[in-house]
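Q: Counting along the sequence shown from 1, when you hit position 361 you're at 359 in the working numbering, and nothing is skipped either side.
We put the beta carbon where it would ideally sit given N, CA and C, even for glycine.
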Amino acid sequence: MKGSSIYTGLVMTAFAGLTIVFTTFPRSSFSQLEKRDLAELPDFSVDKLTKGHYTDSVSKWFSDTEPFRDKFLQLSMEIKNHLGLPKDENSVSFHAEAGSADPESAILDDDNREVGEYTNNVTRDEKAKVASRGIIIVGSGPNVRALQAYGGEATGGSRYAEAANTYKRTFGDRVNVYCMVIPTATAYYCPEQAKKLTKPQNLTINNIYSLLDPDVKAVDIYTPLGQHANEDIYLRTDHHWAPLGAFYAAQQFAKVAGVPFKSLDSYDRHVVHGYVGSMYGYSKDIAVKNAPEDFVYWTPRDIDYNTTYINYTVDKDYKVTAESSPRTGAFFFKYPDGSGGAYCTFMGGDTKIAQIRTGTKNGRRLIILKDSYGNALPGYLFYSFEEIHVIDNRYFTKNMKKYVEDNHITDILFANGIFRAYSPNICDVYTRFLNQNGAITPQNETDKPQEKKQDSNAKNAAGKGAEKNQKTAKQVKPKTNAEKPKKAENAAHATKKDDTPPAGKAPEAEKSVSSGRAHSSK
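1. Leaving aside the five residues before and after residue 406 along the sequence, list all residues of the same chain whose C-beta is less than 6 Å from its C-beta, in chain order.
2. Are there 16 or more other CB atoms within 10 angstroms of the CB of residue 315, so buried, or fewer, so exposed?
3. According to the neighbour-count rule (16 or more other Cβ atoms, all chains shown, within 10 Å of its Cβ), is residue 151 buried or exposed?
4. By how many angstroms is the C-alpha of residue 235 removed from the C-alpha of residue 277?
5. Mind pulling the beta strand (DSSP E) runs of 3 or more residues that sit fully within the segment 255 to 292?
6. Cα-Cα, which of 376, 294, 259 is closest to residue 304?
7. Compute the beta-carbon to beta-carbon distance between residue 219 and residue 247, rounded to the nearest angstrom, for a pair I have assumed lies under 8 Å.
8. Relative to the alpha-carbon of residue 425, which residue among 165, 325, 415, 307 has its alpha-carbon at the smallest distance?
9. Can you look up residue 608 in the DSSP assignment and give me helix, strand or coil?
10. Within 10 angstroms of the Cβ of residue 400, are there 16 or more other Cβ atoms? Answer buried if so, exposed if not.
11. Check whether the segment 204 to 222 and the segment 262 to 274 are in contact - that is, three or more C-beta pairs closer than 8 Å.
12. Reducing DSSP to helix, strand and coil, say where residue 146 ends up.
13. Please report how far the alpha carbon of residue 311 lies from the alpha carbon of residue 339, in whole angstroms.
14. Would you kindly report the start and end of the unbroken beta strand (DSSP E) that includes residue 385?
15. Under the rule that 16 or more other beta-carbon atoms within 10 Å means buried, what is residue 225, buried or exposed?
16. In whole angstroms, what separates the C-alpha of residue 4 from that of residue 11?
17. Give me the Cα-Cα distance between residue 132 and residue 144, rounded to the nearest whole angstrom.
18. Do residue 341 and residue 244 count as a contact pair if the criterion is CB distance below 8 Å?
19. With DSSP as the reference, label residue 213 as helix, strand or coil.
20. Give the straight-line distance between the Cα atoms of residue 320 and residue 161, rounded to the nearest whole angstrom.
21. Hey, would you say residue 538 sits closer than 8 Å to residue 168, going by beta carbons?
22. Under a Cβ-count criterion, where at least 16 other Cβ atoms within 10 Å of its own Cβ denotes burial, should residue 155 be classed as buried or exposed?
23. Closest to residue 271 by C-alpha separation, out of 280, 335, 258, would be which residue?
24. Given a threshold of 16 other Cβ atoms within 10 Å of its Cβ, counted over all protein chains shown, does residue 205 qualify as buried or as exposed?
25. Please list, in chain order, all residues of the same chain as residue 391 whose beta carbon is under 8 Å from its beta carbon, the five residues on each side excluded.
26. In the DSSP assignment, find the alpha helix (DSSP H) that holds residue 399 and state where it starts and stops.
27. Please list the terminal residues of the continuous beta strand (DSSP E) segment that includes residue 177.
28. Helix or strand or just coil, what does DSSP make of residue 334?
29. How would you call residue 430, buried or exposed, if buried means at least 16 neighbouring beta carbons within 10 angstroms?
30. Considering only the alpha carbon of each residue, which of 141, 302, 421, 240 lies closest to residue 354?
31. Taking the continuous beta strand (DSSP E) assigned at residue 414, which residues delimit it?
32. Just how far apart, CA to CA, sit residue 273 and residue 287?
33. By a C-beta neighbour count over all protein chains shown, 10 Å radius and 16 as the cutoff for buried, is residue 172 buried or exposed?
34. State the start and end residues of the unbroken alpha helix (DSSP H) segment that holds residue 206.
35. What residue range is occupied by the uninterrupted alpha helix (DSSP H) comprising residue 161?
36. Are there 16 or more other CB atoms within 10 angstroms of the CB of residue 300, so buried, or fewer, so exposed?
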């Protein structure tokens, strides 16, 4: 009886403690684990109340924003991991829906318009397991790799080709237009055991390239990436490719564009140790967190370049509400070891237009129209183009025809991941750029309204002093053109509309570097 009373008392104490935690402690607003903003407390209205929408929204907010949400999720994953059977080095798990695979052999034709499927000799015989949100987990221990299943059909992507064709017809012989489709890691590292869970990406890529007009140049990177699949061309813990993969893609693009290109011997190598990317939050598999990797990137040496940004303010739905006046800043952002925001090394993220003027004098001026995959490309093209303009498909308010004319653009590269390229609305997005009037009035940094979505992330990412330091950027000659942000884990992969998986919001640099000559850092 006495033991029963003690047990009852312990249970009641624990219940009371949890009640206090869930009702009085500050509620979470951002999930670093899931890389997303959590539900907001809804505004009250009688109409919402009578229709039941208000109570549903409050219930969602209450359950979504529990205090210490990430801690509880992580604890849950740890418990599930320890309760599960140990997996060998070749284990594979899948977290998603199944597709059908149709393997075939691989050859690149002369005009880059037909590619065969890559034969996986790297992880071919490994086993797999399923996580969530379409994630396949391959391997175990320090070699775990998270892959996203691809469900696209062989006949998909026609609208992406249509967008490239429309641009070529619009600008004619004045501008070269190129189309690049960036495959995911699944194309190269999916074991035979898990192929039934995904579909071949080369078939969609072939379809896109076959629909291009003859004067639009296809850039096949599927084949050269396959030739280097035994190297670290994709991140194991993130949905993006690794900077090395982007290097080989840039090399292939330079070849198609007929511009000079330098080997990695002309670059300085940098490493962010202990990187765990977006796939940990997407899969909710503790094995991904327990397999951190090195994020390795390269900065060009002995070439002058400077970067100018127009930054966009976005609302909670990632709609652009304001833009800044042009200001100078760093192209490469330096992250500390263990930072989850390392993929934002390039330009600090997506919500901006970046213009890089280089020391290359050949009259070639390039626009890269991209999603987050394209962020890693420009840094390898400083030796190839006189100017590079980087525009994200979600954040551009100007009129593209006028922008091309004003900046004397000679080349336009469409560089999007295969999920974005497959999207049926991709053509509408890029076509809108040609006809929109660019009506948003630039605002000074001091006049900018509060950026609700960005501020919530920047608070966790860059620190309160970052914005102030950006306003007072100075001309300096750095040892390296990489700048160091403060904590960026929350901002690095915040969920954003029209990107699959979601791409990263940017932390701002601790201070801006407006221009400089890149040198080898000691």
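A: In brief:
1. 363
2. exposed
3. exposed
4. 5 Å
5. 265 to 273
6. 376
7. 4 Å
8. 165
9. Nothing about residue 608 can be reported from this structure: the residues present for the chain run from -1 to 520 only.
10. exposed
11. no
12. strand
13. 20 Å
14. 385 to 390
15. exposed
16. 10 Å
17. 10 Å
18. no
19. coil
20. 26 Å
21. Since the first residue of the chain shown is -1 and the last is 520, residue 538 is not available in this structure.
22. buried
23. 335
24. buried
25. 367, 368, 369, 414, 418, 424, 427, 428, 496
26. 398 to 404
27. 174 to 180
28. coil
29. exposed
30. 302
31. 409 to 415
32. 9 Å
33. exposed
34. 199 to 208
35. 156 to 169
36. exposed
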